[in-house]
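Position one of the sequence shown corresponds to residue 1 (the UniProt record's numbering), numbered consecutively onward.
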Amino acid sequence: MLQLTPIQPAPSRWRTILENDFFPKNRRRDIDGLRGLAIALVVLFHAGWLQGGFIGVDIFVVISGYFMGRSALMQHPFQPVRFVCRRLYRLLPALLCMIAAISAGMLWWVLQSDRADIALNGAYALVYLSNIWASGHVGYFQGQAIAYPFLHTWSLSLEMQFYAIIFVMARLLPLMHHRRLVLSAIFTASAAYCAYAWYKGDSQAYYNIFDRLWQFSLGTMIWMLPRLRLSRGMANLVYAAALAVIVGSGLFYPLRFACPSYMTVFPCVAVAVIIMLPDTKMGQWCLVPLSPLGVISYSVYLWHWPGIVVANYLLFFQVHGAVMASVLALVMVVSLLSYVFVERTGLDYEDRVSIAARNRGAGLLVGGCLLLAAILAYISHVSRVH
Numbered sequence: 001m002l003q004l005t006p007i008q009p010a011p012s013r014w015r016t017i018l019e020n021d022f023f024p025k026n027r028r029r030d031i032d033g034l035r036g037l038a039i040a041l042v043v044l045f046h047a048g049w050l051q052g053g054f055i056g057v058d059i060f061v062v063i064s065g066y067f068m069g070r071s072a073l074m075q076h077p078f079q080p081v082r083f084v085c086r087r088l089y090r091l092l093p094a095l096l097c098m099i100a101a102i103s104a105g106m107l108w109w110v111l112q113s114d115r116a117d118i119a120l121n122g123a124y125a126l127v128y129l130s131n132i133w134a135s136g137h138v139g140y141f142q143g144q145a146i147a148y149p150f151l152h153t154w155s156l157s158l159e160m161q162f163y164a165i166i167f168v169m170a171r172l173l174p175l176m177h178h179r180r181l182v183l184s185a186i187f188t189a190s191a192a193y194c195a196y197a198w199y200k201g202d203s204q205a206y207y208n209i210f211d212r213l214w215q216f217s218l219g220t221m222i223w224m225l226p227r228l229r230l231s232r233g234m235a236n237l238v239y240a241a242a243l244a245v246i247v248g249s250g251l252f253y254p255l256r257f258a259c260p261s262y263m264t265v266f267p268c269v270a271v272a273v274i275i276m277l278p279d280t281k282m283g284q285w286c287l288v289p290l291s292p293l294g295v296i297s298y299s300v301y302l303w304h305w306p307g308i309v310v311a312n313y314l315l316f317f318q319v320h321g322a323v324m325a326s327v328l329a330l331v332m333v334v335s336l337l338s339y340v341f342v343e344r345t346g347l348d349y350e351d352r353v354s355i356a357a358r359n360r361g362a363g364l365l366v367g368g369c370l371l372l373a374a375i376l377a378y379i380s381h382v383s384r385v386h
């Protein structure tokens with residue numbers, strides 16, 4: 001018989017989320033703070049206020065690799081269904097809501113040519129192939145990028161594709177020694193490809209999973225490396241230096257340093273160093289204050305770019321200064337609500353229902369994404385025909 005934990009009243013729910021999510025006692029809050037720094041860099045870059053903020057994506061990629069290493073490769077025994085369901089409940093509800101809301105609110109009034117591309121981009125995003133769509137349609141740093149509210153989902157597609165690789169590794173390679181060898185090979189091959197793409201000046205490699213695998217692998221391999229053993233003072237000094245590299249990259253990196261570029265090595269290695277140095281005073285002082293923003297970083301990432309794009313459409317692409325600040329403030333409110341009522345609700349449901357109900361729910365989420373993707377693909381087709 002299905003047993004459910006009663007849903008808490010709204011005030012209790014907010015209090016529980018504040019205690020368990022924003023101010024947890026059993027989690028490394030400096031890594032949440034690192035996520036907060038990453039999303040701040042990305043948002044400020046997209047707002048036009050920070051030239052090197054694009055490296056926030058590189059930070060997210062390394063952190064994602066780190067957590068996937070723990071969730072899949074370091075779990076014994078590996079639970080494949082649990083792994084897949086956790087990822088689906090974590091990612092799909094908020095993505096589905098964002099694309100449905102923006103599509104419903106935007107597609108009926110934009111130009112027909114824009115409608116076709118926006119709808120098709122949304123369809124690709126829902127099946128986690130947005131990076132493939134983007135590589136054939138628009139450069140990420142080109143002016144026309146502002147016309148596509150779902151363009152930012154390219155990085156989410158890369159993440160899901162990496163999850164698929166990790167899933168296959170965890171299933172086929174039960175021995176840690178074999179996993180370490182394969183990860184090392186992936187890291188080396190991807191780094192070589194990245195160097196080649198940089199040498200050839202291939203800007204479209206920015207969207208390519210092969211160009212990012214070395215970053216994912218770097219994060220994953222942290223679990224397989226020996227812990228850094230430094231004195232407390234030296235650990236704080238190294239931590240501060242790594243943090244300075246990340247902040248300096250965000251402040252001063254020009255667009256030509258975007259991946260593929262050897263310059264992305266420095267912030268990525270800095271992220272790995274920070275992760276390998278837990279319990280430092282520098283982390284508590286500099287990153288922990290950003291941890292609440294890091295907790296909602298996925299929702300902020302989902303909503304900030306569509307918010308900027310819609311505002312630009314409505315205001316004839318004149319969104320600057322105080323207007324941009326107002327848009328971002330509204331985005332933060334929407335993101336917080338999305339986290340509490342969509343993202344967190346999905347994970348709570350997955351935790352409190354039976355295994356059968358959990359699996360059915362995951363199937364419904366996938367079905368909902370496929371259905372909406374089919375609808376958007378049809379809208380795109382009709383818009384092109386007429």
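Built from N, CA and C at the ideal position, the CB exists for glycine as well.
Between which two residues does the alpha helix (DSSP H) harbouring residue i extend?
i, result
"residue 161", "154-172"
"residue 30", "29-46"
"residue 371", "355-385"
"residue 178", "176-200"
"residue 131", "130-135"
"residue 352", "344-352"
"residue 64", "55-68"
Here's the rule I'm using: 16 or more other beta-carbon atoms within 10 Å means buried, otherwise exposed. How should residue i be labelled?
i, result
"residue 95", "buried"
"residue 234", "exposed"
"residue 387", "The structure shown does not extend to residue 387, since the chain spans only 1 to 386, so no value can be given for it."
"residue 395", "Because the chain spans 1 through 386 in this model, residue 395 falls outside it and cannot be assessed."
"residue 355", "exposed"
"residue 158", "buried"
"residue 141", "exposed"
"residue 46", "buried"
"residue 168", "exposed"
"residue 123", "buried"
"residue 109", "exposed"
"residue 364", "exposed"
"residue 223", "buried"
"residue 239", "buried"
"residue 16", "exposed"
"residue 381", "exposed"
"residue 285", "exposed"
"residue 280", "buried"
"residue 328", "buried"
"residue 343", "buried"
"residue 26", "exposed"
"residue 136", "exposed"
"residue 385", "exposed"
"residue 24", "exposed"
"residue 20", "exposed"
"residue 264", "buried"
"residue 149", "buried"
"residue 171", "exposed"
"residue 192", "exposed"
Give the secondary structure of residue i by DSSP, where H, G and I count as helix, E and B as strand, and everything else as coil.
i, result
"residue 113", "helix"
"residue 142", "coil"
"residue 98", "helix"
"residue 50", "coil"
"residue 77", "coil"
"residue 127", "coil"
"residue 23", "coil"
"residue 150", "coil"
"residue 92", "helix"
"residue 107", "coil"
Is residue i near the ligand FAD, going by C-beta to nearest heavy atom under 8 Å?
i, result
"residue 199", "As for the ligand FAD, it is missing from this structure, which has no ligand bound."
#### Entry: Runs of beta strand (DSSP E) lying entirely within the region 204-266, each at least 3 residues, in chain order
Listed in chain order, nothing qualifies, since the region 204-266 has no complete beta strand (DSSP E) run of 3 or more residues.
### Inside the region 275-340 only - alpha helix (DSSP H) runs reaching at least 4 residues
291-295, 297-314 and 321-338
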